[in-house]
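The sequence shown begins at 91 in our numbering and counts up one residue at a time.
All C-beta atoms, glycine included, are put in the ideal place defined by N, C-alpha and C.
In what follows, a structure is listed as structure tokens, so that the remarks can point back to it.
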Amino acid sequence: FGGTSSGDWTFTTLTEYIWTNGGGGSWTTASNWNTDPAVPNPVSGDVVDLSQANIGNSTLTLEADRTAGLWKFGDNGGNGSTWTVASGNDLAIEGSDPTLNVLTNTVLNSTVSGSTGITKTGDRDITFATVNSFNGLTINGGGQLRPGGAGIDPFGAPGSTITFNVNCTINQASSGVRTFDKSLGLNNGVTLTWVNGNSGWTVLGPVSGTGGIAVNGAGSIGQRPLTLSSTTNSFEGVIDLTAGTARDATL
């Protein structure tokens, strides 16, 4: 460093932990990691990389609540396999740039937290299978956003915002009407596609931005409604009801 300065310098070293087992297993099995014989103990800002191994459909058991700044899920073999994180513990995403990088389809049965919100990158599908507490969600990568469990809102804390910076599909395969206590931001002229499956959707918070909404479902009109209940919606794009065979939107 050039020049002079007074005071103390503080340097923070971030650690990357890489999963090396070509299948699922327990977090606490040291041989599953590049840190063998030590078991990883990441902290806020660290990287947990589950994308380097050639996996089949695999399940990770956390064994305790775990925290990292970047969680990366992938399949180095290009098999289109699915990573699943088992229920029972919390997957926390904390740091200066809290990110969930989804490079292969991923199902999070664990709870997911993040005090400053999280960003989803990568172009594969992510399923949030239970009620979660992360404080906002930003979508910067493609793929589908899937809610698991009938009737729940798994996309973060009540009253938080989901911001879409790329086109995205929210796809509900399970039955049951869902109420989302969320605001939606549709940036960059994006299209948010709602696939209604066997259910309806109600969004409580306002929808804003330059993008629009497409409604896609099967069945008769009125069976699969999308309801935007806020009186302060301000999004500028269109509502497209031409896809599928059941299209019903209420504003």
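Using the Cβ count rule (16 or more neighbours within 10 Å means buried), how would you classify residue i?
i	result
S203	buried
P248	exposed
S310	Low local confidence applies: a pLDDT of 46 at S310 is under 50, so the model's placement there is unreliable, and no value is given.
P127	exposed
A182	buried
A304	buried
G167	exposed
N131	exposed
D155	exposed
G146	exposed
D136	buried
V328	exposed
S141	buried
G212	buried
S177	exposed
S121	exposed
N191	buried
N169	exposed
G209	Note that residue 209 corresponds to Thr in the displayed sequence, not to Gly. Flag for T209 reads buried.
G241	exposed
R337	Below a pLDDT of 50, predicted positions are generally treated as unreliable, and R337, at 47, falls in that range; no measurement from the model is reported.
D165	buried
D98	exposed
D139	buried
With DSSP as the reference, identify every bridge partner of residue i, one or two as the case may be.
i	result
E106	V137
V357	Because the chain is modelled from 91 through 341, residue 357 falls outside the range shown and cannot be assessed.
A304	T283 and D330
F218	L198 and P237
S203	A182
T211	N191
T269	T292
Do residue j and residue i count as a contact pair if the criterion is CB distance below 8 Å?
i	j	result
F245	T196	no
V285	I252	no
N225	N255	no
E326	T292	no
A158	T110	no
L193	A219	no
D243	D215	no
E179	S148	Reading the sequence as shown, one finds Asn at residue 179 and not Glu. Contact: no.
E184	S134	yes
L150	W173	yes
G302	T332	no
F238	T217	According to the sequence provided, residue 238 is Gly. The question's Phe does not apply to it. In this structure, T217 lies closer than 8 Å to G238 by Cβ.
V129	L152	no
T269	L294	yes
G342	P315	Nothing about residue 342 can be read from this structure; the chain reaches only from 91 to 341.
S298	S324	yes
T317	P296	no
T119	Y107	no
Would residue i count as contacting chain C if we go by Cβ distances under 8 Å?
i	result
L152	Considering every chain present, this structure includes no chain C. It has just one protein chain.
Sequence ranges, beta strand (DSSP E) only - wholly within the region 112 to 200, length at least 3:
Within the region 112 to 200, the runs of beta strand (DSSP E) that reach at least 3 residues and sit entirely inside it are, in chain order, 137 to 140, 148 to 151, 156 to 158, 160 to 163, 173 to 175, 180 to 183, 189 to 192 and 196 to 198.
Where are the beta strand (DSSP E) runs, 3 residues long or more, that stay fully inside the region 225 to 260, in chain order?
Every unbroken stretch of the beta strand (DSSP E) spanning 3 or more residues and falling wholly within the region 225 to 260 is given here in chain order: 227 to 229, 234 to 237 and 250 to 254.
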